[in-house]
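Here is the structure we will look at.
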Ligand SMILES: [Cu+2]
């Protein structure tokens with residue numbers, strides 16, 4: 001009990017969730033200013049199994065849609081592409097979802113993300129199924145500038161390809 005309380009009080013501590021062969025390490029999302037429609041989420045995903053798995057989506061209460069995006073820079077313009085087939089987590093490997101690469105996109109936010117909070121989410125994996133996690137709302141511990149850059153991108157409404165409305 002005391003341990004659980006102290007973990008909640010310090011969201012920047014490492015936290016991880018295991019379901020089947022899938023381990024989700026330290027999911028977090030940078031805070032958003034009021035009025036911003038989108039937020040990005042990051043984490044490390046480890047596949048301890050002997051078969052590939054695939055992150056195919058998720059569900060949260062603070063946003064209406066959870067997508068998997070990839071940021072690509074073409075001709076000095078950053079664009080986000082939706083990975084419609086999800087993100088493969090190869091057997092026996094660790095995939096880091098970090099700023100300026102692949103990210104979880106929380107689209108159409110219902111409320112701003114407040115630094116120091118934590119937000120529950122369910123991630124859907126093809127094989128492992130549902131993994132319930134808590135996203136710590138915090139800035140990246142390293143590469144802060146990258147994180148700020150990406151938040152700025154979302155704020156300004158970067159062109160998105162392959163999005164359905
Ligand atoms: Cu995105």
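In my numbering, the protein residues as written are 1 to 165. Quick reminder that beta carbons are idealized off the backbone N, C-alpha and C, glycines included.
The alpha-carbon separation between residue 31 and residue 139 amounts to approximately 7 Å.
The DSSP-derived three-state label of residue 15 is coil. Between the region 48-66 and the region 84-92 there are three or more C-beta pairs closer than 8 Å, enough to call the two in contact. The DSSP-derived three-state label of residue 125 is strand. Ligand 1 never approaches residue 100 closely enough for any of its heavy atoms to be under 6 Å from the residue's Cβ.
For residue 38, the closest C-alpha among the options 141, 104, 118 and 135 is that of 104. If you draw a straight line from the Cα of residue 134 to the Cα of residue 74, it is about 33 Å long. Counting every other CB atom within 10 Å of its CB across the protein chains shown gives residue 118 a total of 16 or more, marking it as buried. For ligand 1, a non-hydrogen atom lies closer than 6 Å to the CB of residue 69. The closest heavy atom of ligand 1 lies less than 6 Å from the beta carbon of residue 105. Here residue 99 is buried, its C-beta having at least 16 other C-beta atoms within 10 Å. Just so you know, the alpha carbons of residue 57 and residue 116 end up roughly 25 Å apart. The beta carbon of residue 112 sits closer than 6 Å to the beta carbons of 32 and 34 from its chain, once the five residues preceding and following it are set aside; these are given in chain order. Under the three-state reduction of DSSP output, residue 75 falls in the coil class, being neither helix nor strand.
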